[in-house]
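Trainee:
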Amino acid sequence: MARAKCCAVTVVLAAMVLGAAARAQDTPVRQKVAVKAGRIITVSGADIEQGVILIEDGRIKQVGKSIDIPWDANVIDASDKVVMPGFVEAHTFQGISTANEQVLEVPFVSTFDAIDPRSTFMEDSLRDGVTTMLVLPGNDTVLGGTGCVIKPCGKMVDDMVVRNYTGMKLSLQPRWDSSRMAHIERLRKYLAGLQDYLQDYQQRKADAQEQKKPFDEELDPKKKPVMDLLDGKLRAFVYCPRASDVVKAFELSDELKFKITPVLGPDCYKAAAFLAKRGVPVILDSQLIVWETNEDTHTEEMKVVPKIMADAGVQFALQRAPSVYGSRYFWFQAAQAVAYGASREEALKSITLYPAQIIGLADRVGSIDAGKDANLLILTGDPLDAQTWVDRVLIEGNVVYERAKDVRLKKLLEERKPEEVKPPAETKGGETPPQPKQ
Amino acid sequence: MRAAALRVLGVALLATLACAREARTDGLVAIKAGRVITMSGAPIDGAVVLIQDGKIKQIRPGSAVPEGATVIDAGDSVVMPGLVDANARFGTRGDPNEESDELTPTFHVAGALDRDSAALKRAVQLGVTTLRIAPGTADVIAGTGVIVKSAGAGLSSTIVRDGGDLQIGIQDEPAYGNDIPWYSRPDSFYFRQPTTRMGVVWLLREALFNTKTAIQAGRPLDARLAGIAAAMQGKTPIYVMLRTAVDIETTFTVADEFGLRKLVLVECTEGYKLAGDIARRGVPVILGPCYQYPRTWPEADQGWDVNWNNAGLLVKAGVKIAIASNDPDTPANLLTWAGLAVRAGLPADEALKAVTTSPAEIIGVADRVGSLGPGKDADLLVLSGDPLRPTTMVQKVIVNGRIAFDAPSGASAHG
Amino acid sequence: MKAPAIRALACLTVALLGTATVAHTQNLLVKGGRVWTGKGEAMEKADVLIADGKIAAVGADVSAPEGTRVLDAAGKWVLPGFIDARSHLGLAPGELDETVTPLATDTEVLDALWADRDEVRRAARSGVTSLLLSPGDANPIAGPCAVVKLGRHTVLKRDATLNLVLSASALMYDRRPTSMPGLLDMVRQALADARDKPAGSGPLVKVVGGEMPVTIACDGISDVERATQLATEFHARASVATVEALDKLADILPGTGVSAICPPLGATPAERFLQAPGRLAAKGVKLAFSSLAPTTDECDLRTSAALAAAAGLPADAALRALTCDAAEILGVGDRVGSLEKGKDADLVIIAGDPLDIAAPIDCVIIDGDITYQREGT
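If you want it as structure tokens, here you go:
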């Protein structure tokens with residue numbers, strides 16, 4: 040009896056060790072970290088001045104103002120810095136080799152197979168504070184494939200995966216040689232084809248059973264993602280270039296009964312009232328300011344999309360743009376929204392908690408709350424200040440980025456020794472080199 | 002009867018006097034602001050800016066406004082001078098280069114100005130009140146720019162100065178397009194020099210040499226040579242479009258050869274590499290956006306050694322810089338770019354100078370714009386907060402004393 | 436149609452055009468209509484006598500010689516024929532410009548006229564009796580342009596106007612000018628040469644100083660401003676034709692002496708375009724209408740006039756823009772544009788208010804010949 044118990048305990052202990060090791064990768068087992076922060080922006084609640092975040096096993100154990108720090112915790116002193124949750128991007132098609140397959144109906148492909156861990160995009164994302172991203176196929180498709188939620192650190196894709204098989208990309212943007220009618224017809228046709236296939240499969244199965252014949256044909260695995268979409272197990276992320284496409288997207292989802300998250304183009308601010316009625320959170324285009332020419336007055340009008348959405352009561356998540364200017368940073372996008380009237384709280388949520396909810400990982404990321412992954416940004420100042428840099432990034436309790444050790448960034452801001460150049464010559468006119476012939 | 006008549010007369014007299022008083026303060030506008038950044042002294046917390054006849058009359062600390070003035074109460078907003086974009090490439094129609102010739106010193110981009118263009122209307126809303134619109138970069142000697150206000154009632158009130166400068170290119174770009182594709186006409190004027198960078202410099206040298214020789218020989222100068230002569234004699238600034246350190250070195254070599262003064266380097270992506278020398282020569286630099294990927298990165302689509310702190314390093318060495326849009330077709334949000342430059346290392350006060358007083362000084366209109374003071378043009382912005390914060394929006398833009406842009410109330414744009 | 440056939444037809448057409456003196460079939464008396472002459476008040480009930488292709492008399496109770504055919508115009512309006520101030524009718528769409536040389540002051544687009552086209556007949560039925568045959572806008576300077584009668588396709592005035600273009604349409608990638616400043620330079624130089632060295636400058640000499648009117652095609656408001664500056668500098672008799680900047684002309688043209696040629700006012704442009712003619716007239720700017728046909732489908736000038744009238748252009752000003760003011764702008768006011776003794780007998784008889792598009796055109800007379808008569812009248 041005692042020996043069995045001893046064995047059992049050993050087995051359990053061993054399992055715990057192995058399990059913990061498998062989960063925490065390079066981290067020693069039961070690592071404790073304490074972050075002392077000058078200010079903690081939890082996003083889910085009020086800010087905490089001079090607070091502490093306790094981390095254990097990669098998860099936030101406790102957040103508060105006066106917390107006893109365990110003697111065996113690694114202490115990160117950020118008492119002159121601001122700590123907030125890592126940014127979450129609910130939709131991106133960067134960091135993969137090609138955004139879309141040439142064939143328009145490929146629901147069975149997955150971005151998991153295309154993610155490039157060594158892409159500069161991953162490095163930049165970490166540098167700019169993004170800790171969770173849902174990578175989906177691009178917009179040039181009908182049924183583009185399924186997505187994968189990743190963290191932008193790791194040498195192999197397996198190391199980066201947070202959750203695979205998340206979201207199915209659809210797009211209502213017709214290809215250059217097609218019309219909207221034909222584009223949607225393709226979607227309907229594919230789905231009708233699926234229904235036919237399933238009916239046929241069931242029929243053959245029933246026939247075999249009736250005839251007492253063996254039936255070991257499996258359902259075509261390529262059909263599974265769309266079946267999961269129609270069964271509500273996968274959410275559709277539908278790209279809508281125009282406001283009218285938003286209405287169409289909901290028509291389709293009502294008719295075919297699948298859950299959708301609209302991924303909006305810049306024009307879709309015109310559908311704000313419609314979206315408010317439907318009450319579904321949306322993902323805004325990276326272009327937050329749209330200029331429209333008013334034909335009657337011949338003036339240029341600035342439409343600020345996050346403000347229009349906020350006024351209409353639509354909850355949104357922001358995206359980044361692959362550009363060289365401000366919109367490449369999440370903090371800049373949020374700051375733009377605030378500049379034109381969105382509340383600071385809503386703006387910060389639109390780059391943390393709301394995208395986390397959209398991708399179904401709000402239990403793990405998007406705010407600093409006990410139980411969630413310890414994905415934290417240690418910032419040199421307020422997140423919505425242009426002079427703030429990301430000093431360090433923690434993902435699941437590990438420091439995965441340190442600005443002090445960021446070689447590439449250093450080179451980008453590097454001071455060079457002034458070159459040796461001769462002083463300006465006197466203008467005499469007689470020392471000119473050989474002249475061109477007239 | 003007489004008393005009544007006298008009373009009527011009295012009332013009439015008083016009315017007339019009142020009208021006269023009103024006429025004196027007629028057109029006086031007073032802007033009450035929480036903070037006025039004049040760029041010609043320390044910022045003033047709590048002040049009133051008085052404007053009359055399109056000029057700034059006075060800036061008074063406090064909140065008292067003169068009787069009869071139209072009051073714009075900007076609450077605790079920040080007032081600063083309208084932004085000056087020293088090198089803009091929008092607001093024109095058609096090709097910004099006359100491509101039939103590589104040397105077009107008499108090209109006046111003012112002839113292409115479209116003051117009603119969408120780009121200028123957007124520039125106003127982004128806070129740009131004065132711009133120097135530059136010719137394109139496809140020619141070796143491209144011609145002259147035009148300094149305009151971003152809003153105005155006609156060409157005459159929009160144009161501040163037409164010409165009075167010269168733009169040249171010392172880089173690869175003028176050589177593009179001169180290799181004739183098979184489908185072009187055999188007599189096409191693109192079949193010409195330069196096809197390489199050395200050809201670009203050769204052509205420039207030849208033009209300068211011919212001008213110099215003509216001046217020395219006392220020959221009358223035709224319009225083309227006259228345009229180059231004025232620049233050579235230091236009477237007008239020479240804007241040099243260039244990117245790499247090698248281009249900068251070549252520029253200085255040519256400048257020394259021909260005694261060129263009043264150079265202004267434009268774009269100057271690798272300027273930080275020669276910051277000391279640029280400073281010693283007293284040459285100002287107009288920068289464009291600097292957050293591109295450097296050429297060593299896999300995503301780079303150009304061949305320059307970018308440094309995000311180009312602006313900061315140049316200023317540290319003592320160079321006067323301006324931050325301008327440089328981008329064809331699109332007005333830039335200069336306050337955003339100034340903020341990003343600060344992020345990379347440029348001191349905040351230098352960043353503000355780089356979009357107000359420095360560009361005004363470089364292009365030669367600092368007596369009128371770039372700072373707020375009595376007698377200066379009433380070009381100013383009302384902002385919701387600190388200019389370099391990305392959470393600040395432009396609420397009002399005033400050009401020549403008139404409101405050119407007024408953001409819809411509620412500090413937002415409507416849907 | 437085969438190429439030789441086209442050429443033959445073109446030769447024939449040109450030959451026909453050469454004959455200015457055509458025998459007129461008969462004298463006409465247009466009796467008892469509401470006559471709007473273009474000079475002074477309209478006459479409620481008056482007659483117009485036509486003899487040898489000219490107007491012989493206008494007034495109440497005009498006596499006609501024996502054998503005069505009478506056209507009963509009771510209850511109808513009688514007006515001068517409409518004048519299209521800028522049109523390419525009769526030209527094949529691909530033949531509007533000779534672009535190799537930018538300054539094409541020797542090529543006459545008249546040489547390309549093929550008058551036997553459907554749209555020419557349609558125009559005549561809509562009341563247009565003469566039009567300015569203009570080249571396209573791909574040359575900075577092109578001309579001279581002729582004023583052509585639609586009836587027997589005679590030439591009213593051969594070297595009537597010149598066409599000057601300050602618009603991006605005159606820019607070409609591989610021919611000077613490639614840019615607007617280059618264009619402006621070229622035009623200014625050509626005008627300066629015409630002023631300073633008249634010999635060998637061709638028709639431009641007549642433009643400087645105002646002998647020959649010039650139409651300046653512009654894109655935007657800044658082009659219009661530059662056009663007026665040029666007109667003032669070279670003392671030219673200019674009119675501006677623009678689509679984009681039409682609504683802002685009233686802010687620029689008054690006081691410059693430059694007239695305006697309105698493009699066709701289509702079915703649903705912005706309100707500010709429809710109001711433009713009214714604003715211009717109120718500020719004393721002379722107006723004319725144009726069809727730009729066949730590059731547009733709208734050869735019916737009456738529609739434009741009616742739309743403008745509905746948006747504020749006074750009826751009288753609208754009718755003048757269709758007739759006598761257009762004639763003035765084109766420099767043919769001595770021959771057409773009003774119903775006066777000695778002028779060409781170009782008339783339109785409308786069964787109702789001319790600015791009511793529903794009122795049909797009953798009869799169009801050009802040079803004294805009935806070119807069109809509605810069935811049943």
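Chains as they are written, first to last, in our numbering: chain A, 40 to 477; chain B, 2 to 416; chain C, 436 to 812.
Yeah, the Cβ is synthetic: ideal placement off N, Cα and C, and Gly gets one too.
Using a cut-off of 7 Å between C-beta atoms, extract the partners of C:A705 located in chain A.
Mentor: Counting from 1 along the third sequence, the entry for residue 705 of chain C is found at position 270. Under the 7 Å cutoff, chain A gives E334, D335.
Trainee: Going by the CB atoms, is the gap between A:A413 and A:G436 shorter than 8 Å?
Mentor: Your numbering for residue 436 of chain A matches position 397 in the first sequence. Your numbering for residue 413 of chain A matches position 374 in the first sequence. Yes, Cβ-Cβ distance for A:G436 and A:A413 is below 8 Å.
Trainee: Do we get a CB-CB distance below 8 Å when we pair C:T456 with the residues of chain B?
Mentor: Translated into positions along the third sequence, residue 456 of chain C becomes position 21. Bear in mind that a pLDDT of 44 at C:T456, under 50, signals an unreliable position, so the number given afterwards is only what the model happens to contain. With 8 Å as the cut-off, C:T456 does not count as an interface residue toward chain B.
Trainee: Could you name the residues of the same chain whose beta carbon sits closer than 6 Å to that of C:A741, not counting the 5 residues immediately before and after it, in chain order?
Mentor: Counting from 1 along the third sequence, the entry for residue 741 of chain C is found at position 306. Hits under 6 Å: L790, I792.
Trainee: Can you pull the DSSP bridge partners for B:H109?
Mentor: Stepping through the second sequence from its first residue, residue 109 of chain B is reached at position 108. In DSSP, B:H109 forms a bridge with B:T145.
Trainee: Based on DSSP bridge pairs, tell me the residues matched to C:T650.
Mentor: Counted from its first residue, the third sequence places residue 650 of chain C at position 215. C:N598, C:S674, per the DSSP bridge assignment.
Trainee: Going by the beta-carbon positions, is the gap between A:S389 and A:A443 smaller than 8 Å?
Mentor: In the first sequence, residue 389 of chain A corresponds to position 350, counting from 1. In the first sequence, residue 443 of chain A corresponds to position 404, counting from 1. Their beta carbons are not under 8 Å apart, which means A:S389 does not touch A:A443 by this criterion.
Trainee: From the DSSP output, which residues share a beta bridge with C:S694?
Mentor: On the third sequence, residue 694 of chain C is found 259 positions in, with the first residue counted as 1. Answer by DSSP bridge pairing, in chain order: C:S674.
Trainee: Quick check: what's the CA-CA separation for B:Q194 versus C:W549?
Mentor: As a first step, residue 194 of chain B is located in the second sequence; it is residue number 193 there, counting from the start. As a first step, residue 549 of chain C is located in the third sequence; it is residue number 114 there, counting from the start. Between B:Q194 and C:W549, the C-alpha separation is close to 45 Å.
Trainee: Whole angstroms are fine: how far does the CA of B:A143 sit from the CA of C:E534?
Mentor: The residue labelled residue 534 of chain C in the question sits at position 99 within the third sequence. The residue labelled residue 143 of chain B in the question sits at position 142 within the second sequence. Contrary to the premise, residue 534 of chain C reads as Thr rather than Glu in this sequence. Answer to the nearest angstrom: the Cα atoms are 25 Å apart.
Trainee: Expressed to the nearest angstrom, what Euclidean distance is found between the alpha-carbon atoms of A:R219 and A:R281?
Mentor: As a first step, residue 219 of chain A is located in the first sequence; it is residue number 180 there, counting from the start. As a first step, residue 281 of chain A is located in the first sequence; it is residue number 242 there, counting from the start. Going from the Cα of A:R219 to the Cα of A:R281 covers about 11 Å.
Trainee: B:R403 bridges to which residues according to DSSP?
Mentor: Indexing the second sequence from 1 puts residue 403 of chain B at position 402. B:V400.
Trainee: Ends of the beta strand (DSSP E) at B:L261?
Mentor: Here residue 261 of chain B is taken as the residue at index 260 of the second sequence, counted from 1. Careful: B:L261 lies outside any beta strand (DSSP E) and carries neither H nor E.
Trainee: Going by DSSP, name the residue or residues bridged to C:I784.
Mentor: Within the third sequence, numbered from 1, the residue matching residue 784 of chain C stands at position 349. C:V513, C:C798, per the DSSP bridge assignment.
Trainee: Give a yes or no on whether the minimum CB-CB distance between C:P575 and chain B is below 8 Å.
Mentor: In the third sequence, the residue the question calls residue 575 of chain C occupies position 140. Answer no: the Cβ-Cβ gap between C:P575 and chain B never drops below 8 Å.
Trainee: Counting only beta-carbon separations shorter than 8 Å, does B:L51 have a partner in chain A?
Mentor: As a first step, residue 51 of chain B is located in the second sequence; it is residue number 50 there, counting from the start. No, no contact with chain A.
Trainee: So for A:Q234, helix, strand or coil by DSSP?
Mentor: Counting from 1 along the first sequence, the entry for residue 234 of chain A is found at position 195. Reduced to three states, the DSSP call for A:Q234 is helix.
Trainee: Got a sec? Which residues, its chain only, sit under 7 Å from C:P537 by beta carbon, not counting five neighbours each side?
Mentor: Mapped onto the third sequence, residue 537 of chain C falls at position 102. Excluding sequence neighbours, C:P537 sits near N574, P575, R610, R611, P612, M621.
Trainee: Output the residue ranges of the beta strand (DSSP E) runs that lie fully inside the segment 153 to 190 of chain B and measure 3 residues or longer, sorted by chain position.
Mentor: You should have 160 to 163, 167 to 170.
Trainee: Helix, strand or coil for C:H523 per DSSP?
Mentor: Against the third sequence, residue 523 of chain C aligns to sequence position 88. It is coil, neither helix nor strand.
Trainee: Check this for me: beta carbons of B:V161 and B:T196, under 8 Å apart or not?
Mentor: Numbered from 1 along the second sequence, position 160 holds the residue referred to as residue 161 of chain B. Numbered from 1 along the second sequence, position 195 holds the residue referred to as residue 196 of chain B. Contact flag unset, no.
Trainee: Skipping 5 residues on each side, what residues in its chain have a beta carbon closer than 6 Å to that of C:G586?
Mentor: Residue 586 of chain C sits at position 151 when you count from the first residue of the third sequence. Within the same chain, C:G586 has close Cβ partners I801, D802, D804, T806.
Trainee: Check whether chain C comes within 8 Å of A:Q64, counting only Cβ atoms and requiring the distance to be less than that.
Mentor: Residue mapping note: residue 64 of chain A aligns to position 25 of the first sequence, counting from 1. Its pLDDT being 49, under 50, A:Q64 is placed unreliably by the model, and nothing is read from it.
Trainee: Going by beta-carbon coordinates alone, are B:R116 and B:L156 separated by less than 8 Å?
Mentor: By one-based count along the second sequence, residue 116 of chain B stands at place 115. By one-based count along the second sequence, residue 156 of chain B stands at place 155. Yes, the Cβ-Cβ distance between B:R116 and B:L156 is below 8 Å.
Trainee: Report yes or no: do three or more beta-carbon pairs, one from the segment 260 to 280 of chain A and one from the segment 174 to 190 of chain A, lie closer than 8 Å?
Mentor: Verdict: yes, contact present.
Trainee: For the putative contact between B:I148 and B:I239, defined by C-beta atoms under 8 Å, what is the C-beta separation to the nearest angstrom?
Mentor: Within the second sequence, residue 148 of chain B is the residue found at index 147, counting from 1. Within the second sequence, residue 239 of chain B is the residue found at index 238, counting from 1. Contact doesn't hold; Cβ gap of about 16 Å is too wide.
Trainee: Kindly indicate the opening and closing residues of the beta strand (DSSP E) around A:P301.
Mentor: Along the first sequence, one-based indexing puts residue 301 of chain A at 262. Here the beta strand (DSSP E) through A:P301 covers 299 to 303.
Trainee: Any C-beta of chain B sitting closer than 8 Å to the C-beta of A:F369?
Mentor: Looking up residue 369 of chain A in the first sequence gives position 330. It does not: the Cβ of A:F369 has no partner Cβ on chain B nearer than 8 Å.
Trainee: From A:S158 to A:V148, what distance separates their C-alpha atoms?
Mentor: Numbered from its first residue, the first sequence carries residue 158 of chain A at position 119. Numbered from its first residue, the first sequence carries residue 148 of chain A at position 109. Cα-Cα distance, rounded: 20 Å.
Trainee: Could you check the C-alpha separation between B:P375 and B:I57 for me, to the nearest Å?
Mentor: Locating residue 375 of chain B in the second sequence gives position 374, where the first residue counts as 1. Locating residue 57 of chain B in the second sequence gives position 56, where the first residue counts as 1. Spanning the two alpha carbons is a distance of roughly 5 Å.
Trainee: If you measure from the beta carbon of B:V356 to each beta carbon in chain A, is any gap under 8 Å?
Mentor: The sequence position of residue 356 of chain B within the second sequence is 355, counting from 1. False, the Cβ-Cβ gap to chain A never drops below 8 Å.
Trainee: Looking only at DSSP bridge pairs, what is A:S160 linked to?
Mentor: As a working note, residue 160 of chain A is residue 121 in the first sequence. Before going further, note that residue 160 of chain A is Phe rather than Ser in the sequence given. Bridge partners of A:F160: none, in fact.
Trainee: Mind listing the chain B neighbours of C:A644? Cutoff is C-beta to C-beta under 8 Å, in chain order.
Mentor: Here residue 644 of chain C refers to the residue found at position 209 when the third sequence is read from its first residue. In the sequence as presented, Ala is not what sits at residue 644 of chain C; that position holds Gly. Under the 8 Å cutoff, chain B gives no residues; its nearest Cβ is about 24 Å from C:G644.
Trainee: Counting only the same chain and skipping the five closest in sequence on each side, list residues whose C-beta sits under 6 Å from that of C:Q808.
Mentor: Residue numbering aside, residue 808 of chain C sits at position 373 when the third sequence is read from its first letter. Contacts found: C798.
Trainee: Which residues, taken in chain order from the segment 326 to 349 of chain B, show a beta carbon closer than 7 Å to some beta carbon of chain A?
Mentor: Listed by position along the chain: T337, G340, L341, V343, R344, A345, G346.
Trainee: Please list the terminal residues of the continuous beta strand (DSSP E) segment that includes A:N113.
Mentor: The residue labelled residue 113 of chain A in the question sits at position 74 within the first sequence. Taken as a continuous stretch (DSSP letters only), the beta strand (DSSP E) holding A:N113 covers 113 to 124.
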